[in-house]
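Below is one structure; the comments refer to it alone.
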Amino acid sequence: MTTEDSTPGSKVVDLERAERLNANLAKVDELSKRLTAAMTHRRQVDPSLHGPAPDVYMKAAAAYFAEMVSNPARVVEHQVNYWGKTLKHYVEAQQILAKGEFKAPPDPNPKDRRFQNPLWESHPFFNYLKQQYQMNSEAISTAVGDMESLDPADRQRVEYFTKQIVDMFSPTNFLGTNPEALEKAVETDGESLVHGLENLVRDIESNQGDLLVTLADREAFHVGQNIATTPGEVVYRNKMLELIQYTPTTEKVHKTPLLIFPPWINKFYVMDLKPANSLIKWIVDQGFTLFVVSWVNPDASYAGTAMDDYIRDGYLRAMAEVRRITGEKQINAVGYCIAGTTLGLTLAHLQKAGDETVKTATFFTTLTDFSDPGEVGVFLNDDFVDGIERQTERDGILSKHFMSKTFSYLRSNDLIYTPAIKSYMLGEAPPAFDLLYWNGDGTNLPAKMAVEYLRGLCQGDGFAKGQFQVFGHPVSLADIKLPVCAIACETDHIAHWKGSFNGVKQMGSKDKTFLLSQSGHIAGIINPPSKDKYGHYTNEAPVAGDPEAWFASATFNKGSWWPRWAKWLAGNSGPMIPARKPADSLAPAPGTYVVAQPHL
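FYI, my numbering numbers position 52 of the sequence shown as 61, with every residue one higher than the one before it.
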């Protein structure tokens, strides 16, 4: 201790810090009581919704045992390799410490953005933890990858849930082994931990005792005020939807109106977050008369609402209203994700009925062939779907909380662990990020519709097989015969692009366009030309054969796919006519359904 350290002033500072620390620890104690009380209100849910059935782990264990019996040399080789790396790492760390050097041994592991704090590289303790964790992760991944007796579907599930467990045990996820959290706790005399616990208690209290990490500042955005602000009017409303007609910004518009059906798993304003990246505003600015559906957020009174109801009172009704309002016989339609799947069902039904209401169809990130559902397929086995069916029978809805958790676990490090570390360990306020705000503003699904979709389409692949029924009659992809344009996204974890391609190629249309955008389910679609961020792939070859072969001969184009699609759409939208302004209004855009909170 130096002379300066022992001055009266420094003692006063130390005393003040000690008092702050004690005060913060007292707050932690009070918050812990609130936390305990909040968790007692946790609603009871079907156990199957908490994780896969035990047979997943049994299959993994059986496959590993089979590997030991059939190929013991490889198993031993893996183990010896792992032991060797671990021992070498330990010896290197000990040798450096024995020299009295406070530094980490050489670190040959690849960079991982979870370990960005400099102490993960420089501090012997934290670097040792990091390196050993990465060795453990590699050993587990290798062991699972070499289980040859697993069939592909079981392998996908074992690999996915193994990765979830490995990611969960990252040292960054625990206070005692997270240097950034420990440093901040010391620097703030424990105040960061108080703020973190406040954030944790708030999240649990606001979610009925369940834990959902708040991803964005809930007070930073207000729908209709600083997001979803493109001018327009609600021109029709029924129990399923509000129909919004947007105010034109050009003197003339294309004759054929455009109607967009967004997914009812989330809210439509992902296409209208702010003017700079609003797809809705951009479409209006290109000279199209644009209508967008805003779906109701259902409560338990919608329990018996089926897929047919969405088609009858949603799709067909919206199409009829657009025709009535514009006086046009035909419209162009767009479906996004699940709404694209259902648009396909509707088009197949219209084709069989001889109805030519829809001139062309565009599909954004849409699966219609579920023979390979991609990453999300790990949640489509009976263990989860049976649990969902039991839960929805009790609740009348599939709660937005369950869907939010499911989709978050497809990107757990980005959407669960990293936000949780920032909020609960570092005590940071959620960021003011419009896309994350939208991501947390979910909707419920009616019980009957949710189960029909999961059983008939996802599990049964009924549309591709020509077995799914619309109004009592089976429809198939071959029944879709009008011109189609499909946009898929290269790294989409919800509707993978190869599955989207395989669905489009089975459609009966002779005029098919397939565009592949860079990035994922949202960023690949909400990709304005002004950002010049993500490019896209095109191919003049027919939409046929293997998607890999299509991609291999595709051309990469810099910039957004929006202008290319607008050109295709304009070619199918007739001549220019004087712009149409909304004549009637039930409410200004974005309407009332988008902000309504259902009684559950």
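All C-beta atoms in this analysis are idealised placements derived from N, C-alpha and C, irrespective of residue type, glycine included.
Around the beta carbon of F74, fewer than 16 other beta carbons sit within 10 angstroms, so the residue counts as exposed. Minimum Cα-Cα distance from N187 among the listed residues Y137, E228, S146 corresponds to Y137. Of P492, G512, L444, I430, the smallest CA-CA separation from D470 is found for G512.
Nearest in C-alpha terms to F373, of all of R51, G185, S146, I534, is I534.
Here V460 is buried, its C-beta having at least 16 other C-beta atoms within 10 Å.
When beta bridges are read from the DSSP output, K261 appears opposite P587. Scanning A148, T265, A152, F124 for the CA closest to the CA of K139 turns up F124. Exclusion of the five residues before and after R122 leaves no residue of its chain whose Cβ lies closer than 8 Å to its Cβ. Only buried fits S485, as 16 or more other CB atoms lie within 10 angstroms of its CB. Taken in chain order, the complete beta strand (DSSP E) segments of 3 residues or longer contained in the stretch 480–513 are 493–498. Assignment of K368 by DSSP, reduced to helix, strand and coil, places it in the strand class. Counting only unbroken stretches of 4 or more residues, no alpha helix (DSSP H) element lies wholly within the stretch 20–66. Look at the stretch 357–438 and you find these whole runs of beta strand (DSSP E), each 3 residues long or longer: 367–373.
Taking C-beta atoms as the reference points, G199 and R29 count as a pair closer than 9 Å.
A straight-line Cα-Cα distance of about 34 Å links Q527 and R326. For L220, there is no enclosing alpha helix (DSSP H), as DSSP marks it with neither H nor E.
Rounded to whole angstroms, the gap between the alpha carbons of D520 and I347 is 22 Å. Only exposed fits M67, as fewer than 16 other CB atoms lie within 10 angstroms of its CB.
The count of Cβ pairs closer than 8 Å, one atom from the stretch 273–281 and one from the stretch 228–245, reaches three, so the stretches are in contact.
Here DSSP, grouped into helix, strand and coil, assigns S594 to coil. DSSP assignment within the stretch 296–322 yields the following whole beta strand (DSSP E) runs of 3 residues or more, N-terminal first: 299–304. Scanning its chain for C-beta atoms nearer than 7 Å, with the 5 sequence neighbours on each side dropped, one finds around S562 the residues N548, A550, in chain order. Taking C-beta atoms as the reference points, P492 and K414 fail to come closer than 9 Å. Excluding sequence positions up to five before and after P455, its CB lies within less than 7 Å of the CB of P307, Y311, A312, T314, I406, all in the same chain and listed in chain order. Assigned with DSSP and collapsed to three states, E337 falls in coil, not helix or strand.
Here T601 carries a coil assignment [DSSP, helix/strand/coil]. Using a C-beta cut-off of 8 Å, the stretch 203–215 makes no contact with the stretch 160–178, since fewer than three inter-stretch Cβ pairs fall below that distance. DSSP, read as helix, strand or coil, puts L159 in coil. Per DSSP, reduced to three states, the secondary structure at S201 is helical. Within the same chain, Cβ atoms closer than 8 Å to the Cβ of I425 are found at V222, S417, Y418, the five residues on either side in sequence being excluded. One alpha carbon belongs to A438, the other to G451, and they sit about 21 Å apart. In the DSSP secondary-structure assignment, R246 is bridged to E251. According to the DSSP assignment, L268 belongs to no alpha helix (DSSP H) but to the beta strand (DSSP E) extending over 267–270. At a cut-off of 4 residues, the continuous stretches assigned as alpha helix (DSSP H) that sit fully inside the stretch 116–150 are 128–131. Only residues of its own chain outside the window of five on either side were considered, and among them G396, R399, Q400 have a CB closer than 7 Å to the CB of D55, listed in chain order. In this structure, DSSP gives Q165 a helical state, which the three-state scheme calls helix.
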